[in-house]
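Peer 1: Just dropping this structure here.
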Amino acid sequence: MAGKPGYTRALLKMSGEAFGGERGGGVDFSVIERLTSELKSVAALGVQLGLVVGGGNILRGTTASQQGMDRVSADYMGMLATVINALALQDALEQQGVVTRVVTAIEMRAVAEPFIRRRAIRHLEKGRVVVFGGGTGNPYFSTDTAAVLRALEIEAQVLLKATNVDGVYTADPKRDPTARFIPELSFQDALVNGYAVMDANAFGLCKENRLPIVVFNINQPGATAKVLAGERVGTIVQ
Ligand code: UDP
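With this note's numbering applied, the sequence shown corresponds to residues 1 to 238, in that order.
Now the structure itself:
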């Protein structure tokens with residue numbers, strides 16, 4: 001990779017769905033291994049990296065509550081699901097020699113450290129990848145919101161939103177052959193045109209605090225490193 005990295009501290013949001021692989025549900029370790037080898041090359045660039053993982057491959061609060069569960073209990077289960085993914089990610093990263101700390105929004109000291117902002121920053125400064133588990137710690141929120149919140153707290157310069165498509169399109173490229181790829185977008189344009197970059201709460205928080213978002217395809221080999229090196233990959237919303 002030529003030149004200096006474009007970003008020195010970043011937060012990457014991965015949805016739980018990515019962890020489920022082809023099967024969708026559960027944890028597919030071969031997928032996690034592939035994702036972590038991408039992250040290893042990023043860590044090697046010297047970029048300080050925080051990760052927020054979703055839990056959708058295991059449980060979503062809204063879905064469970066539609067099936068009759070109390071919403072708040074379901075959301076707590078969803079938050080615990082993100083910790084399962086965080087531990088899987090930590091294990092895979094450490095097997096590849098990347099020193100990793102899991103910190104959780106809900107205290108579970110036997111499993112991981114509680115989230116303490118200054119401590120998390122210290123880990124990053126020491127070159128450790130920090131995986132933020134447990135979402136925001138509050139029901140009725142999403143891990144997208146947790147990602148923005150943690151990105152702002154650790155003063156990340158960019159939020160990377162990992163997806164299965166190359167970025168933002170004018171329509172769903174899988175369904176509409178006329179869908180056009182948009183390389184760059186303002187927050188206002190995304191809002192006006194209804195492009196679903198993140199959920200509304202998370203997007204509003206980014207917009208308000210002018211935190212740039214790069215939406216990109218994590219399945220493209222080398223894409224994460226390219227984004228962080230400042231190359232034009234995916235869609236940048238700023
Ligand atoms: N969740 C929550 N508060 C948070 C983050 C997550 O209650 O701050 C719950 C919520 O039920 C959500 C589930 O955890 O459905 C899993 O997170 P999410 O749906 O954001 O995961 P993803 O879609 O990214 O896999």
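Each residue gets a CB set at the ideal place from its N, CA and C atoms; glycine is no exception. Because the structure is a prediction, the values reported are computed rather than measured.
1. In the DSSP assignment, find the beta strand (DSSP E) that holds isoleucine 275 and state where it starts and stops.
2. Can you tell me which of Thr104, Gly137, Gln238 puts its alpha carbon nearest to the alpha carbon of leucine 160?
3. When burial is assigned at 16 or more other CB atoms within 10 Å of the CB, is serine 30 buried or exposed?
4. Report yes or no: do three or more beta-carbon pairs, one from the region 31 to 44 and one from the region 214 to 227, lie closer than 8 Å?
5. Quick one: which unbroken alpha helix (DSSP H) runs of 4-plus residues sit fully inside the region 127 to 188? Chain order, please.
6. Which of helix, strand or coil does DSSP assign to leucine 191?
7. Could you tell me whether any non-hydrogen atom of the ligand UDP is closer than 7 Å to the CB of methionine 79?
8. Taking 7 Å as the cut-off, is the C-beta of asparagine 201 nearer than that to any heavy atom in the ligand UDP?
9. Out of curiosity, what's the CA-to-CA distance linking valine 131 and aspartate 176?
10. For glutamine 90, I'd like the list of residues in its chain whose CB is within less than 7 Å of its CB, leaving aside the five on either flank, ordered along the chain.
11. Check for me: the alpha helix (DSSP H) holding leucine 45 runs from which residue to which?
12. Quick check: isoleucine 182 and threonine 136, are their CB atoms within less than 8 Å of each other?
13. Measure the C-alpha to C-alpha separation of aspartate 144 and alanine 81 and round it to an integer number of angstroms.
14. Pick out the complete beta strand (DSSP E) segments inside the region 6 to 57, 3 residues or longer, and give them in chain order.
15. The alpha helix (DSSP H) with valine 227 in it runs from where to where?
16. Evaluate isoleucine 84 with the Cβ neighbour count: other Cβ atoms within 10 Å of its Cβ, from every protein chain shown; 16 or more gives buried, anything less gives exposed.
17. Give the C-beta separation of arginine 71 and glycine 61 to the nearest angstrom, bearing in mind that I take them to be a contact with Cβ-Cβ under 8 Å.
18. May I ask which residues mark the beginning and end of the beta strand (DSSP E) holding isoleucine 236?
19. Could you check the C-alpha separation between arginine 122 and alanine 179 for me, to the nearest Å?
20. With hydrogens ignored, establish whether the beta-carbon of threonine 143 is closer than 7 Å to any heavy atom of the ligand UDP.
21. Are the CB atoms of valine 52 and glycine 16 nearer to each other than 8 Å?
22. For threonine 163, I'd like the list of residues in its chain whose CB is within less than 8 Å of its CB, leaving aside the five on either flank, ordered along the chain.
23. Per DSSP, what kind of secondary structure is arginine 109 in: helix, strand or coil?
24. Just to check my reading of the structure: leucine 228 and glycine 6 have Cβ atoms closer than 8 Å, yes? What is that Cβ distance to the nearest angstrom?
25. Residues in its own chain within less than 7 Å of alanine 120 by CB, not counting five upstream and five downstream?
Peer 2: Once the coordinates are examined:
1. Given that the chain is displayed from residue 1 to residue 238, the structure contains no residue 275 and the question cannot be resolved.
2. Gln238
3. exposed
4. yes
5. 143 to 153
6. helix
7. yes
8. no
9. 36 Å
10. Thr100, Val102, Val131
11. Unbroken run through leucine 45: none, as it is neither H nor E.
12. no
13. 15 Å
14. 9 to 14, 48 to 53
15. 223 to 228
16. buried
17. 6 Å
18. 235 to 237
19. 43 Å
20. yes
21. no
22. Ser15, Val215, Phe216, Asn217, Ile218
23. coil
24. 6 Å
25. Val103, Val130, Ile154
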